[in-house]
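Take a look at the structure set out below.
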Amino acid sequence: MPTKILLQLDGDLQPSVFDAVVAVDAGVEQLFRHGGITPDNVRELVHGAMFTRGPDDLRHTAIFVGGSDASLAEKIYDTVRACFFGPLRVSVMLDPNGANTTAAAAVLAAERHLALDESTAVVFGATGPVGSRVVRLLARAGCAVRVVSRDLGRAERIVEQTQAAVPEAGLSAHAVPPEEALPSVLEGSQFVVAAGAPKVQLLSRQQWQSVSGLQVAIDLNAVPPLGIEGIEVTDKAASRGEVTCYGAIGVGGTKMKIHRAALQTLFTASDRLLDAEEIFAIGQDLK
Amino acid sequence: MPTKILLQLDGDLQPSVFDAVVAVDAGVEQLFRHGGITPDNVRELVHGAMFTRGPDDLRHTAIFVGGSDASLAEKIYDTVRACFFGPLRVSVMLDPNGANTTAAAAVLAAERHLALDESTAVVFGATGPVGSRVVRLLARAGCAVRVVSRDLGRAERIVEQTQAAVPEAGLSAHAVPPEEALPSVLEGSQFVVAAGAPKVQLLSRQQWQSVSGLQVAIDLNAVPPLGIEGIEVTDKAASRGEVTCYGAIGVGGTKMKIHRAALQTLFTASDRLLDAEEIFAIGQDLK
Amino acid sequence: MPTKILLQLDGDLQPSVFDAVVAVDAGVEQLFRHGGITPDNVRELVHGAMFTRGPDDLRHTAIFVGGSDASLAEKIYDTVRACFFGPLRVSVMLDPNGANTTAAAAVLAAERHLALDESTAVVFGATGPVGSRVVRLLARAGCAVRVVSRDLGRAERIVEQTQAAVPEAGLSAHAVPPEEALPSVLEGSQFVVAAGAPKVQLLSRQQWQSVSGLQVAIDLNAVPPLGIEGIEVTDKAASRGEVTCYGAIGVGGTKMKIHRAALQTLFTASDRLLDAEEIFAIGQDLK
């Protein structure tokens, strides 16, 4: 059996150690790690993955695209896929800074407690790599989503992009602050997610606990103060009043399982392309 | 048994993935990959390979020198060898951009159909890394070689260099275009190789099929239009008129076998130095 | 059992091959090699080591800090340790350019022949990475140490730093040249170590062989002319007159054993921090 090779393509100069350890723990035998990757220098590396093994063995070579710059990673991912033709291809996973696996874990957590297709969600920090993916996954699951950002224009852009990907989605854009906007943004929602920048509190305890009908609240921030006051970073389906709460570490276990399972999926065929949706589906199969 | 370690020294900033996959498939257990290598920064790395294992175990450490710049790789290869003294040495393979393994595979293909020491070959694109090695290997095999380039001066330089390495060689330099030179360059040859730049047609179908006595034609270009019109990239001993034809992929299988076998040879002793000739000899033993 | 992962953090642009080979020979299964490391870019990499495995498995991940610039490596080592909190930590070894393992091997060699706590040592080249560590290890062992440098100010700084670390140490600073200072520096000493720059002779044969009571002389220089005339690089407990002598290669075998044993120690717990003293203690257990 050919050795399982993973080509780690990272936009950062120093390729992620986090992604490398998870790859080894997912059973990767040889890891080829490259930092400083751009759409301009990636093709030759992808050709090296495509042209070295026979079509039957290509499923033992795969590519992971990561890095802290999600937008750069997406461009690399697009360039990688454009290199393939016919049976000359290998499987690829995109997970810049864990954005896809984290978003998948957050939506899976909510799904345990809510019928997403009958719910309304409020996503704070919705324009970041994790937030925008949470929006997309929720929209695909039939959830109405309120897309919240400090900047209304950026929120509207996420709404447009998500609508283009999921035409049937029910989306609206909102700017917070001003804080006066909060009550109407929250009213009637069953699910709140905070995916904003570290150390910025987005909701006070009073603000979210007074939302009638709120069932699930997830804060993906690992560094206190968290975005949602009153949630602990280790919360894992913790009951706080009427609301089931998750913190970043509480979601992290599922994120790691999804990350490993997605990597293992890469090696089951040579044509797997794992972006947010496919990674979420892998997470659903884990349940 | 000590772990098989290969030190990959690559002149390109991103070390070759192609060479890395082949190394793993040849049985290398630990691959230390370095990009951006120059003669100036390589010594310390080579010392690390020389001074870490006892003389009896040094054959389990080896060095591969590669990269897309063949001239830089040759300088690195020379510097690596100059680091060694006494029994403090490890085996080294030079194969920048596959030039040595590709040239060896091409000459081996011809050898299956021709008595090289009784033949005359025409090498187009003879001044590039692959072409110049094809010239050298053919000259060593006793084949008369017509060295063809767009630039007569560069063709003459290859003739001089080859003559210096193989004093008994029968070599001549030719410039094409002008196209009027072609008939006399081709006349009386039994073997034609095209090792020129991609996407440049060097010979029309009419031009080579009208050469009486031509027996073998090989085009090493993988991207159409090929250098020799009428050859397919997948040709592998395909009969076209009187001529046995090979395309780049048709030669590629042998190239990969030679590449893997050469890497395995590195680990049989600590003093193997594998340049074109040694790699060609390894290819001959595979038959 | 989780795979043994070593994160190699090197201040040099090209991470050390020497350290990598020793790591593999010490049983490391996956080596993540990073060059160009600084205190500024190391945190994210350390977080990747800390946050990927459960507390029970963290002892299977470890960090090695190296590079030719010992002062930079020390800063990286400090930054790495400052990343840890609670059980979220991995073991770390500091050995820039082999300074810790070489110093440990030299002091261990002396210890075989001398009661260090009853001896006086003279350390030449005492301000370099190896020399300053030899001073510290000897001071901890209760040996009186004469710290010698070309520059009295630098020697005094090493005395101060060592005194701060080992308050009970008996230390004095000396400048040589002038050569006239030598007799008094050497008089009454039982042990002489040369850890100076390559190719600089520090002591003539006549100078050290006339020291009455001198029992051990060690030269850590591998490139002739050595620092102590009359010692051979391969000397290993060689008797020269009344003096037991060691050269760099003679000490090298013990250095390699200590280096490997220290790496293996990293994987016995998640909280090992191996600087000169801990590495020396590991060496003592090998005897």
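Top to bottom, those sequences are chains A, B and C. Using my numbering, the first residue of the first sequence is number 26, and each one after it goes up by one. Using my numbering, the first residue of the second sequence is number 26, and each one after it goes up by one. Using my numbering, the first residue of the third sequence is number 26, and each one after it goes up by one. For glycine and all other residues, C-beta sits at the position ideal for the given N, C-alpha and C.
Integer Cβ distance of GLY73/B from VAL42/C, believed to fall under 8 Å: Residue mapping note: residue 73/B aligns to position 48 of the second sequence, counting from 1. Residue mapping note: residue 42/C aligns to position 17 of the third sequence, counting from 1. Yes, GLY73/B and VAL42/C are in contact; Cβ-Cβ is about 3 Å, under 8 Å.
Assigned exposure category for GLU204/C - 16 Cβ within 10 Å defines buried: What you label residue 204/C is simply residue 179 of the third sequence in a count that begins at 1. GLU204/C comes out exposed.
Boundaries of the beta strand (DSSP E) in which ILE243/A is found, first to last residue: By 1-based counting over the first sequence, the position of residue 243/A is 218. Per DSSP, ILE243/A belongs to the beta strand (DSSP E) from 241-244.
At least 3 beta-carbon pairs within less than 8 Å: the segment 205-224 of chain A vs the segment 142-159 of chain A: When Cβ pairs closer than 8 Å are counted between the two stretches, the segment 205-224 of chain A is seen to touch the segment 142-159 of chain A, the count reaching three or more.
Contacts that ALA273/B makes with chain A (C-beta to C-beta distance below 9 Å): Locating residue 273/B in the second sequence gives position 248, counting from the first residue. Residues of chain A passing the Cβ test: none, with the nearest at roughly 11 Å.
Within 9 Å, strictly: CB atoms of ALA222/C and GLY150/C: Counting from 1 along the third sequence, the entry for residue 222/C is found at position 197. Counting from 1 along the third sequence, the entry for residue 150/C is found at position 125. Yes, the Cβ-Cβ distance between ALA222/C and GLY150/C is below 9 Å.
Residues sharing a beta bridge with MET118/C, DSSP: Indexing the third sequence from 1 puts residue 118/C at position 93. DSSP output for MET118/C lists PHE89/C and LEU299/C as bridge partner(s).
Residues that GLN33/C contacts on chain A, provided the C-beta gap is smaller than 7 Å: Locating residue 33/C in the third sequence gives position 8, counting from the first residue. What GLN33/C touches in chain A: nothing, since even the nearest Cβ is about 11 Å away.
Contact belief for ASN125/C with ASP300/C at Cβ below 8 Å, rounded distance in angstroms: The residue labelled residue 125/C in the question sits at position 100 within the third sequence. The residue labelled residue 300/C in the question sits at position 275 within the third sequence. Right, the Cβ-Cβ distance comes to about 7 Å (below 8 Å), so this counts as a contact.
Environment of THR127/B [buried if 16+ CB atoms lie within 10 Å]: The residue given as residue 127/B occupies position 102 in the second sequence. So THR127/B ends up on the buried side.
Anticipated Cβ contact below 8 Å, GLU257/C with LEU228/C, distance rounded: Here residue 257/C is taken as the residue at index 232 of the third sequence, counted from 1. Here residue 228/C is taken as the residue at index 203 of the third sequence, counted from 1. Rounded, the Cβ-Cβ distance is 15 Å, inconsistent with contact.
Residue-level contact to chain B via CB, GLN39/C, 9 Å cutoff: In the third sequence, the residue the question calls residue 39/C occupies position 14. So, interface residue.
Test: PHE76/C CB closer than 9 Å to a CB of chain A: Locating residue 76/C in the third sequence gives position 51, where the first residue counts as 1. Yes, its Cβ sits closer than 9 Å to a Cβ of chain A.
Other residues of its chain near ALA273/C: CB distance less than 7 Å, five sequence neighbours each side excluded: Residue 273/C sits at position 248 when you count from the first residue of the third sequence. In the same chain as ALA273/C, and ignoring 5 residues on each side of it, the C-beta atoms closer than 7 Å to its own belong to ASP244, LEU245, ASN246, ALA247 and VAL258, in chain order.
Interface partners of LEU70/A on chain B, CB under 7 Å: Reading the first sequence from its first residue, position 45 is the one you call residue 70/A. Here the neighbours are GLN39 and VAL42.
CB contact flag (ARG84/B, THR293/B, <9 Å): Here residue 84/B is taken as the residue at index 59 of the second sequence, counted from 1. Here residue 293/B is taken as the residue at index 268 of the second sequence, counted from 1. Yes, they are a contact pair.
Residues near ALA189/A by beta carbon distance below 8 Å, same chain, minus five either side: By 1-based counting over the first sequence, the position of residue 189/A is 164. None.
From LEU162/A, VAL225/A and GLN226/A, residue whose alpha carbon lies closest to that of GLU303/A: Counting from one through the first sequence, the residue named residue 303/A turns up at place 278. Considering only alpha carbons, the answer is LEU162/A.
Any C-beta of chain B under 9 Å from that of ILE30/A: Translated into positions along the first sequence, residue 30/A becomes position 5. It does; some Cβ of chain B falls within 9 Å.
Amino acids of chain A, ordered along the chain, whose beta-carbon sits closer than 8 Å to that of ASN66/C: The sequence position of residue 66/C within the third sequence is 41, counting from 1. Against chain A, the beta carbon of ASN66/C has neighbours under 8 Å at LEU38 and GLN39, listed in chain order.
Cα-Cα separation, LEU207/A to GLN232/A: Numbered from 1 along the first sequence, position 182 holds the residue referred to as residue 207/A. Numbered from 1 along the first sequence, position 207 holds the residue referred to as residue 232/A. So the alpha carbons of these two residues sit roughly 8 Å apart.
Within chain B, partners of HIS59/A - CB distance below 7 Å: Residue mapping note: residue 59/A aligns to position 34 of the first sequence, counting from 1. What HIS59/A touches in chain B: GLN39.
C-beta neighbour in chain C for PRO27/B, strict 9 Å: To locate residue 27/B, count along the second sequence from 1; it is residue 2. Yes, because at least one Cβ of chain C sits closer than 9 Å to the Cβ of PRO27/B.
CYS108/A: first and last residue of the uninterrupted alpha helix (DSSP H) it sits in: Counting from one through the first sequence, the residue named residue 108/A turns up at place 83. 95-108 is the span of the alpha helix (DSSP H), which, as asked, contains CYS108/A.
Contact under 9 Å by Cβ, VAL241/A with ALA135/A: Taking the first residue of the first sequence as 1, we reach residue 241/A at position 216. Taking the first residue of the first sequence as 1, we reach residue 135/A at position 110. Closer than 9 Å, so yes.
Test: GLY91/B CB closer than 9 Å to a CB of chain C: Against the second sequence, residue 91/B aligns to sequence position 66. Nearest CB-CB separation between GLY91/B and chain C: not below the 9 Å threshold.
Reference GLY266/B, options ARG230/B, ASP103/B and LYS282/B, closest by Cα: In the second sequence, residue 266/B corresponds to position 241, counting from 1. Ranking ARG230/B, ASP103/B and LYS282/B by CA distance to the CA of GLY266/B puts ARG230/B first.
Contact belief for PHE305/A with ALA129/A at Cβ below 8 Å, rounded distance in angstroms: Residue 305/A sits at position 280 when you count from the first residue of the first sequence. Residue 129/A sits at position 104 when you count from the first residue of the first sequence. Between ALA129/A and PHE305/A the Cβ distance is about 4 Å, and since that is below 8 Å, they are a contact.
Minimum Cβ-Cβ distance from ILE62/B to chain C less than 9 Å: Residue mapping note: residue 62/B aligns to position 37 of the second sequence, counting from 1. Yes, ILE62/B lies at the interface with chain C (some Cβ there is under 9 Å from its Cβ).
Limits of the unbroken alpha helix (DSSP H) element including THR127/A: Taking the first sequence and counting its residues from 1, one reaches residue 127/A at position 102. Per DSSP, the continuous alpha helix (DSSP H) segment holding THR127/A begins and ends at 124-136.
Proximity test, Cβ basis, 9 Å: GLN55/C and chain A: Against the third sequence, residue 55/C aligns to sequence position 30. Closer than 9 Å: yes.
Rounded straight-line distance, which links the Cα of PRO27/C to that of ASP82/C: As a position in the third sequence, residue 82/C is number 57, starting the count at 1. As a position in the third sequence, residue 27/C is number 2, starting the count at 1. Rounded to the nearest angstrom, the two C-alpha atoms are 7 Å apart.
Neighbouring residues, chain A, relative to VAL47/B (Cβ below 8 Å): Indexing the second sequence from 1 puts residue 47/B at position 22. Neighbours of VAL47/B on chain A, chain order: THR77.
LYS224/B - containing beta strand (DSSP E), residue span: Locating residue 224/B in the second sequence gives position 199, counting from the first residue. Taken as a continuous stretch (DSSP letters only), LYS224/B belongs to no beta strand (DSSP E), as it is neither H nor E.
Where LEU177/C sits in the DSSP three-state scheme: As a first step, residue 177/C is located in the third sequence; it is residue number 152 there, counting from the start. Reduced to three states, the DSSP call for LEU177/C is helix.
Span separating the alpha-carbon of GLY111/C from that of LYS100/C: Mapped onto the third sequence, residue 111/C falls at position 86. Mapped onto the third sequence, residue 100/C falls at position 75. Their backbone Cα atoms lie some 22 Å apart in a straight line.
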